[in-house]
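This report refers to the structure that appears directly beneath it.
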Ligand code: ADP
Ligand code: ZN
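Residue numbers (this note's numbering): 1 to 207.
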């Protein structure tokens, strides 16, 4: 349900790096909906169970109960028809069918609030997030504080070596960095031409 037009479904996305407050903002919006006596259901992917089963927990220890699902196609069968607001956290870990599920929920008249990492630790757009950002009616792109210099941070720096794209639950494995301080590992993938090494301005053409 769109808060300004009751009964009209829509999608809003909260995107940013780790520590930017995505979970806090999702929890804040969902708690306000509950205060307004709207029925709320919250989902997150099972792979992320850092703190506890059945809760979304922010880095500042705000929490709200949630349903853990292993796959995107578990969301619709679990939907209570009376639910008015659907929250989804860690959306980057769902597959490419998530935007379609969110669109379906919005078409049913639900307010869908999705939070997720817009880029992985390399700075590459993450999973279904780019599509969600495109189809959402409202986008909140939020920043953390760069751990190196204190500037607004849009990137997530991985501090440990791993061959895996996703390393969940390793305390101290990530920190927030701004564009200048972010150090992507290895060479940027050829498919991501906007990535170049931090601190190295694009080469100027010599005349
Ligand atoms: P996200 O879901 O985006 O990872 P959370 O909502 O879980 O973020 O946590 C946000 C909280 O993390 C902030 O309110 C703050 O207390 C804490 N925090 C820790 N490190 C940072 C940082 N570098 N920048 C901003 N907040 C930070
Ligand atoms: Zn910085």
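Quick reminder that beta carbons are idealized off the backbone N, C-alpha and C, glycines included.
- Listed in chain order, the non-local C-beta contacts of residue 153 below 7 Å within the same chain comprise 17, 143, 144, 145, 146, 176, 177, 178, local neighbours out to five positions each way being set aside.
- Taking the Cα positions, residue 185 is about 38 Å away from residue 111.
- Every residue whose beta carbon comes nearer than 6 Å to a heavy atom of the ligand ZN appears here in chain order: 146, 148, 149, 151, 177, 178, 180, 181.
- Runs of the alpha helix (DSSP H) lying entirely within the stretch 97-171 and spanning at least 4 residues, in chain order: 98-107, 129-135.
- Boundaries of the alpha helix (DSSP H) around residue 22: 22-35.
- Taking 7 Å as the cut-off, the beta carbon of residue 90 is found closer than this to the beta carbon of residue 44.
- In the structure shown, residue 82 adopts coil according to DSSP, grouped into three states.
- Non-local beta-carbon contacts of residue 158 in its own chain, meaning distances under 8 Å to residues more than five positions away in sequence, involve 121, 167, 173, 174, 185 in chain order.
- The beta carbons of residue 62 and residue 88 sit no closer together than 7 Å.
- Collapsing the DSSP output to three states places residue 89 in coil.
- When DSSP states are grouped into helix, strand and coil, residue 74 belongs to the helix group.
- Here the alpha carbon of residue 81 sits roughly 30 Å from the alpha carbon of residue 141.
- Residue 21 has its CB nearer than 6 Å to a heavy atom of the ligand ADP.
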